[in-house]
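Trainee: Encoded as structure tokens, here's the structure I'll be asking about.
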Amino acid sequence: MNFQDLFYYFFNIRVFIDTLPDLLQGLVVTIEIAALSLILGFVLGLILAVIRVAVKRPRNLLIIRLLNIPIALYVDVLRSIPPLVILIVVYYALPYIGMLIPRFWSAVLTFVVILSAFSEEIFRAGIEAIDRGQIEAARSLGLSYIKTMSYVVIPQAFRIALPPMTSRMIAITKDVSLASVIGVADVLKKARAAQAFLANPTPLFSAALLFTILFLPLVRLSMYLEKKLAE
Amino acid sequence: MEALIHNFFNVEIMYKAKYLLWLGFKVTLQLSFVSLIFAILVGLLLAFVRSFRNRFINVLIIIYVDLFRALPTIILFMLVYFAWPYFGISLPRYWSAVVALTINGAAYFEEIFRAGIEAIDEGQREAARALGLSFPQTMFSVVLPQAIVVVLPPATSNSLELIKTTVLASVIALPELMKQAQQAHGFFANPTPLIAAALIFLAFLWPLVRLVGVLERKYKQA
Amino acid sequence: MDRPLLEIKDLHKYFGKIEVLKGINMEIQRQTVICLLGPSGGGKSTLLRCINRLEEPTSGRIFIDGEEITAHKVDLNRMRSEIGMVFQHFNLFRHLTALENCTLALLRVLKMKKDEAREKAMEMLKQVNLTDKANNKPSQLSGGQQQRVAIARALAMDPKLMLFDEPTSALDPELIGEVLDTMIKLAEKGMTMIVVTHEMGFARKAASWACMLDQGVILEENHPDKLFSSPSHPRTKEFLSKIL
């Protein structure tokens, strides 16, 4: 195969230009799923972490402290099972027990719960890393438990959580293209369709290019944040 | 509740599908093992080469690492599988999967190993050189043993991620566990095999998740 | 009405099976400065931390200005806001500036308005001579400065009582003086203070009363001068001879 052929097949400008609008439409869908998943997953994870830390306090009754277990199970299960498996179960298996969720929302649901599991662990680690002295000082000033968490603990935990959170959020965003497997009209699905239709793999490369352009700065940004907050 | 058991935990279907699932599980296991070894070796090699600090080579490595950490793995799978035929090479699915997993995994492992190597104080290396140890000897006897401690938690975590990523091979129709479960689901019109596959993944990955937690706590870098 | 500001009645504290406080009884009048002295592990810090219930007493009762803080249904947050505490390791909120450290509780607990809180906080920082560091974060301050900010933070709440838990133990020697000076100024202004410390000089100078605590019991208490010059209990003598 010579150079010309290479360009014809893989980097076909004509095909690239023709398929670009279609791919960009798909990109919008990808970004929608990603944005929803990141925001909801982040918030849910934070809430779970706070609940988990709050119920573990020794002054609580044992029954309340046991509430920690369901969350722990949820988190462990969702971090163990591969995302694609969860996605397929949500979209193909749930309908059998009456839960019919449209593709787009199946994808969002999947990524929200997965991110929430990882975020819970990350935030909880951040919160537990805050030394007791900070909490004691806040309590001795008369701040309630909730206010202590809100104004003293969580703001500091955020700084600790930020680097692992950014890399995890980037990882989830990359996983969003899995949604194409259940038929969501994202970039990848459009690329594959175009490729099959035109018998030319350039669309795949275009999709790859789009993702690279999108993610490279994000990856660099997260590395930068990690370095900066390590000080 | 009835529906739940019939559809998700159907013992009869489970029994009928178990051979398929077992085949799939074996493939997943093999794929994980082989890809992991290659990915670690390549990652280690790249990190090692990078420690020589050759400007030009380092730029190449950085481009490689950045590129394949940014590119979603599923696209990589497809590129590897669908692109090769156009070159006249037809890689069987299994090896396409291995290649894709290795390329992706090695990028992450390189970063992990590099952090490990760099974490070892410059002073250690100087002391070793002053004692007369050559560069390779320094690396093997002084730097690497210490680097392993730094490297173990993220490396285990990344290995876990790689094993989870083998599922993507189902997208190029490799008969790993997920694919077989999907086949069984289609054949028996009952999603129990899907649930079974999920539970199998849970069973063998959960201990790894816990292990990563233990390692991260044990080797906590303040 | 000469009700004591702090009353401790038969306070016992167990950590598991170990009894750390074995029946402490104390009465502290307003505007007095009490020093708690004694060997490590004797229970001094534990006693101090029981007063604002950072440690939960196992049994016994504690009254702040007539109100029982150990009662079942007590507004603990409110009572704590009336007691100031200064910690050995300062415990300044790392993500906030010196000024914000002082205003946080004013805003969130006392529900002051922003400008009121700011004014009050600046006034406190002025008292500890740190107005120029108001916008600095703790990481930019020396140990002595951090501790002074911690004192300002506690003072800003206008507490009835100030508790000091080895305030200078974590400081480099050359920084101890500035903190002790601040504390002496406070004492002169009439603040009721309970100080756990090893700084005998401070005890001599500022304290009106000194308590020797060892193995969970008050061995003896007296005016600092008398305690230091003529201790009666053998273990007090032993301890003082090691320190003085």
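Residue numbers (the working numbering), protein chains in the order written: chain A, 1 to 231; chain B, 1001 to 1222; chain C, 2001 to 2244. C-beta: ideal position from N, C-alpha, C; glycine also.
1) Within 10 Å of its beta-carbon, does aspartate 175 of chain A have 16 or more other beta-carbons around it, so buried, or fewer, so exposed?
2) Are the beta-carbon atoms of leucine 2021 of chain C and lysine 2013 of chain C separated by less than 7 Å?
3) Quick one: what does DSSP say lysine 2120 of chain C is sitting in, helix, strand or coil?
4) What residue range does the beta strand (DSSP E) around tryptophan 2209 of chain C cover?
5) Can at least three beta-carbon pairs, one atom from the stretch 114-127 of chain A and one from the stretch 32-50 of chain A, be found at a separation below 8 Å?
6) Is alanine 72 of chain A closer than 7 Å to isoleucine 122 of chain A when the C-beta atoms are compared?
7) Residues of chain C with CB closer than 9 Å to the CB of glutamate 136 of chain A, please, in chain order.
8) Can you tell me which of A:Val77, A:Thr202, A:Gln134 puts its alpha carbon nearest to the alpha carbon of phenylalanine 16 of chain A?
9) If you measure from the beta carbon of tryptophan 1022 of chain B to each beta carbon in chain A, is any gap under 7 Å?
10) Would you kindly work out how many angstroms separate the C-alpha atoms of leucine 23 of chain A and asparagine 200 of chain A, rounded to a whole number?
11) Is tyrosine 2014 of chain C helix, strand or coil by DSSP?
12) Would you list, in chain order, the members of the stretch 148-179 of chain A that have their beta-carbon closer than 8 Å to a beta-carbon of chain C?
13) Rounded to the nearest angstrom, what separates phenylalanine 1204 of chain B and alanine 1196 of chain B at their Cα positions?
14) Checking contacts by CB at 7 Å: is leucine 61 of chain A closer than that to chain C?
15) Buried or exposed: which applies to leucine 2213 of chain C, given that a residue is buried once 16 or more other Cβ atoms fall within 10 Å of its Cβ?
16) Can you give me the C-alpha to C-alpha distance between phenylalanine 1009 of chain B and proline 1193 of chain B, rounded to a whole angstrom?
17) Please tell me whether serine 37 of chain A and phenylalanine 111 of chain A are closer than 7 Å, where the distance is taken between their beta carbons.
18) Assign tryptophan 2209 of chain C to buried or exposed, taking buried as 16 or more other Cβ atoms, counted over all protein chains shown, within 10 Å of its Cβ.
19) Between the alpha carbons of isoleucine 1089 of chain B and alanine 1119 of chain B, how many angstroms are there, rounded?
20) Does any residue of chain A bring its CB to less than 7 Å from the CB of tryptophan 1206 of chain B?
21) DSSP three-state call for glutamate 2007 of chain C: helix, strand or coil?
22) Of all Cβ atoms in chain C, is any one closer than 7 Å to the Cβ of leucine 141 of chain A?
23) At a CB-CB cut-off below 7 Å, which residues of chain C make contact with glycine 133 of chain A?
24) Closest to phenylalanine 1201 of chain B by CA distance: which of A:Arg59, A:Val85, A:Ile64, A:Leu141 is it?
25) Only counting runs of 3 or more residues, tell me where the beta strand (DSSP E) segments fall wholly within the stretch 67-132 of chain A, in order along the chain.
26) From this set, A:Ser80, A:Ile154, A:Pro163, A:Leu198, which residue's C-alpha is nearest tryptophan 1206 of chain B's C-alpha?
27) Just to confirm my understanding: we take isoleucine 2218 of chain C, look at its own chain, exclude 5 residues before and 5 after, and list those with CB closer than 6 Å. What are they?
28) Quick check on aspartate 2165 of chain C: does DSSP put it in helix, strand or coil?
29) Would you report the Cα separation of alanine 1222 of chain B and isoleucine 13 of chain A, rounded to the nearest angstrom?
30) Based on the DSSP output, what are the partners of threonine 2192 of chain C in its beta bridges?
31) For arginine 2108 of chain C, which residues in chain A fall below 7 Å Cβ to Cβ?
32) If you measure beta-carbon to beta-carbon, which residues of the stretch 2093-2106 of chain C are closer than 8 Å to chain A?
33) What in chain A is Cβ-close to glutamine 1183 of chain B, meaning under 7 Å?
34) Along the chain, where does the alpha helix (DSSP H) that runs through asparagine 2077 of chain C open and close?
35) Taking all protein chains shown into account, decide if valine 1059 of chain B is buried (16 or more other Cβ within 10 angstroms of its Cβ) or exposed.
36) Give me the DSSP bridge partner(s) of isoleucine 2218 of chain C.
Mentor: Let me lay it out:
1) In the first sequence, residue 175 of chain A corresponds to position 175, counting from 1. Answer is buried; the Cβ neighbour count reaches 16.
2) As a first step, residue 2021 of chain C must be located in the third sequence, where it is residue number 21. As a first step, residue 2013 of chain C must be located in the third sequence, where it is residue number 13. With contacts defined by Cβ atoms closer than 7 Å, leucine 2021 of chain C and lysine 2013 of chain C form a contacting pair.
3) As a working note, residue 2120 of chain C is residue 120 in the third sequence. DSSP places lysine 2120 of chain C in the helix class (H, G or I) of the three-state scheme.
4) Translated into the one-based positions of the third sequence, residue 2209 of chain C becomes position 209. Per DSSP, the continuous beta strand (DSSP E) segment holding tryptophan 2209 of chain C begins and ends at 2209-2214.
5) Contact between the stretch 114-127 of chain A and the stretch 32-50 of chain A is present: three or more C-beta pairs spanning the two stretches fall below 8 Å.
6) Here residue 122 of chain A is taken as the residue at index 122 of the first sequence, counted from 1. Here residue 72 of chain A is taken as the residue at index 72 of the first sequence, counted from 1. Remark: C-beta atoms of isoleucine 122 of chain A and alanine 72 of chain A do not approach each other more closely than 7 Å.
7) In the first sequence, the residue the question calls residue 136 of chain A occupies position 136. Neighbours of glutamate 136 of chain A on chain C, chain order: Arg2049, Leu2054, Met2085, Phe2087, Asn2091.
8) To locate residue 16 of chain A, count along the first sequence from 1; it is residue 16. Closest by alpha carbon: A:Thr202.
9) As a first step, residue 1022 of chain B must be located in the second sequence, where it is residue number 22. Output row for tryptophan 1022 of chain B: interface = no.
10) What you label residue 23 of chain A is simply residue 23 of the first sequence in a count that begins at 1. What you label residue 200 of chain A is simply residue 200 of the first sequence in a count that begins at 1. One Cα belongs to leucine 23 of chain A, the other to asparagine 200 of chain A, and the distance between them is close to 15 Å.
11) For this step, residue 2014 of chain C is matched to residue 14 along the third sequence. Annotated three-state conformation of tyrosine 2014 of chain C is strand, per DSSP.
12) Taking 8 Å as the Cβ-Cβ cut-off against chain C, the residues of the stretch 148-179 of chain A that qualify are Tyr151, Val152, Pro155, Gln156, Arg159.
13) Sequence index remark: in the second sequence, residue 1204 of chain B carries index 204 (1-based). Sequence index remark: in the second sequence, residue 1196 of chain B carries index 196 (1-based). Approximately 12 Å, taken between the alpha carbons.
14) Residue numbering aside, residue 61 of chain A sits at position 61 when the first sequence is read from its first letter. Among the residues facing chain C, leucine 61 of chain A is not included, as its CB has no counterpart in that chain under 7 Å away.
15) Taking the third sequence and counting its residues from 1, the one referred to as residue 2213 of chain C is at position 213. Leucine 2213 of chain C comes out buried.
16) Translated into positions along the second sequence, residue 1009 of chain B becomes position 9. Translated into positions along the second sequence, residue 1193 of chain B becomes position 193. Our two residues, phenylalanine 1009 of chain B and proline 1193 of chain B, have alpha carbons roughly 9 Å apart in a direct line.
17) Mapped onto the first sequence, residue 37 of chain A falls at position 37. Mapped onto the first sequence, residue 111 of chain A falls at position 111. The criterion of a C-beta distance shorter than 7 Å is satisfied by serine 37 of chain A and phenylalanine 111 of chain A.
18) Within the third sequence, numbered from 1, the residue matching residue 2209 of chain C stands at position 209. Label assigned to tryptophan 2209 of chain C: buried.
19) Against the second sequence, residue 1089 of chain B aligns to sequence position 89. Against the second sequence, residue 1119 of chain B aligns to sequence position 119. Answer to the nearest angstrom: the Cα atoms are 42 Å apart.
20) Counting from one through the second sequence, the residue named residue 1206 of chain B turns up at place 206. So yes, tryptophan 1206 of chain B belongs to the interface.
21) As a working note, residue 2007 of chain C is residue 7 in the third sequence. In this structure, glutamate 2007 of chain C counts as strand in the three-state DSSP scheme.
22) As a working note, residue 141 of chain A is residue 141 in the first sequence. Yes, leucine 141 of chain A lies at the interface with chain C (some Cβ there is under 7 Å from its Cβ).
23) Within the first sequence, numbered from 1, the residue matching residue 133 of chain A stands at position 133. Near glycine 133 of chain A (Cβ distances below 7 Å), the residues of chain C are Phe2087, His2089, Asn2091.
24) Residue 1201 of chain B sits at position 201 when you count from the first residue of the second sequence. Taking only the C-alpha atoms, the option nearest phenylalanine 1201 of chain B is A:Val85.
25) No beta strand (DSSP E) of 3 residues or more sits fully in the stretch 67-132 of chain A.
26) Mapped onto the second sequence, residue 1206 of chain B falls at position 206. Nearest of A:Ser80, A:Ile154, A:Pro163, A:Leu198 to tryptophan 1206 of chain B, Cα basis: A:Ser80.
27) Stepping through the third sequence from its first residue, residue 2218 of chain C is reached at position 218. Beyond the five residues adjoining it in sequence on each side, isoleucine 2218 of chain C comes within less than 6 Å, by CB distance, of Cys2211 in the same chain, given in chain order.
28) Mapped onto the third sequence, residue 2165 of chain C falls at position 165. Strand.
29) Taking the first residue of the second sequence as 1, we reach residue 1222 of chain B at position 222. Taking the first residue of the first sequence as 1, we reach residue 13 of chain A at position 13. Because alanine 1222 of chain B sits at a pLDDT of 41, beneath the cut-off of 50, its placement in the model cannot be relied upon, and the following sentence gives the value as read from the coordinates. Going by the C-alpha atoms only, they are around 51 Å apart.
30) Counted from its first residue, the third sequence places residue 2192 of chain C at position 192. Paired residues: C:Leu2161.
31) Within the third sequence, numbered from 1, the residue matching residue 2108 of chain C stands at position 108. Listed by position along chain A, the residues whose Cβ is nearer than 7 Å to that of arginine 2108 of chain C are Leu143, Lys147, Tyr151.
32) With the criterion set as a beta carbon lying under 8 Å from some beta carbon of chain A, the members of the stretch 2093-2106 of chain C are Phe2093, Arg2094, His2095, Leu2104, Ala2105, in sequence order.
33) The residue you call residue 1183 of chain B lines up with position 183 of the second sequence. Here the premise fails: no neighbours, minimum Cβ distance about 12 Å.
34) Against the third sequence, residue 2077 of chain C aligns to sequence position 77. Where asparagine 2077 of chain C is concerned, the enclosing alpha helix (DSSP H) stretches over 2076-2081.
35) By 1-based counting over the second sequence, the position of residue 1059 of chain B is 59. Burial is judged here by how many other beta carbons sit within 10 angstroms of a residue's own beta carbon; valine 1059 of chain B has fewer than 16 and is exposed.
36) As a first step, residue 2218 of chain C must be located in the third sequence, where it is residue number 218. Under the DSSP definition of a beta bridge, isoleucine 2218 of chain C partners with C:Leu2213.
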